[in-house]
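Here the sequence shown stands for residues 873 to 972, where the numbers follow our numbering.
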Amino acid sequence: MQSWGCLNRTQSINPCLHLEFQCKDLITCINLDWLCDGEADCPGGDDEHLANCKNKTCRDDQFQCDNLSCIAGQLTCNGVADCTDRSDERNCGKFKLFSK
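Given below as structure tokens:
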């Protein structure tokens, strides 16, 4: 067996696919779309830690919450907090609809 300097002297192999994130438990792999989405998917919740999320950007059709998770853009200012930090409902103002 080839050694890579691991503590247990066994070969270290990343079990995750190219578009997956490897959790700290070194066993669990999650889809990259689940990384920093406001919901803990890794056993220790490390997929939501700021260190893993600081460089994440959302697509043009999405809103980036203050906690760096992404939600669909049309979910902002709809009266329902879709971001776990409620940032999608801040600074919305009150709009009045007038009809002629």
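Idealized CB from N, CA, C, for every residue including glycine.
Item checked: Given 8 Å, three or more beta-carbon pairs between the segment 890-903 and the segment 936-946 -> no
Next item on the list: Pull up the distance between the alpha-carbon of residue 943 and that of residue 955, whole angstroms please.
Entry: Translated into positions along the sequence shown, residue 943 becomes position 71. Translated into positions along the sequence shown, residue 955 becomes position 83. So the two alpha carbons sit approximately 7 Å from each other.
Checklist line | Enclosing alpha helix (DSSP H) for residue 924 [first to last residue] | finding: If you number the sequence shown from 1, residue 924 lands on position 52. Following the DSSP letters along the chain, one finds residue 924 inside the alpha helix (DSSP H) bounded by residues 922-925.
Notebook entry, point to check: What is the DSSP secondary structure of residue 892, reduced to helix, strand or coil?
Noted result: To locate residue 892, count along the sequence shown from 1; it is residue 20. Residue state, collapsed to three classes: strand.
Notebook entry, point to check: So what does DSSP say about residue 876, is it helix, strand or coil?
Noted result: Position 4 of the sequence shown, counted from the first residue, corresponds to residue 876. Note that residue 876 scores 43 on pLDDT, short of 50, meaning its location in the model is unreliable and no value can be drawn from it.
Checklist line | residue 951 versus residue 899 - alpha carbon distance | finding: Translated into the one-based positions of the sequence shown, residue 951 becomes position 79. Translated into the one-based positions of the sequence shown, residue 899 becomes position 27. Their Cα atoms are separated by approximately 39 Å.
Checklist line | Any beta strand (DSSP E) of 3 or more consecutive residues that is wholly inside the segment 896-959 | finding: 901-903, 934-936, 942-944
Next item on the list: Give the straight-line distance between the Cα atoms of residue 945 and residue 903, rounded to the nearest whole angstrom.
Entry: Here residue 945 refers to the residue found at position 73 of the sequence shown. Here residue 903 refers to the residue found at position 31 of the sequence shown. Spanning the two alpha carbons is a distance of roughly 21 Å.
Checklist line | Neighbour-count burial assignment, residue 997, 16 or more Cβ in a 10 Å radius | finding: The structure shown has nothing for residue 997, since the chain only spans 873 to 972.
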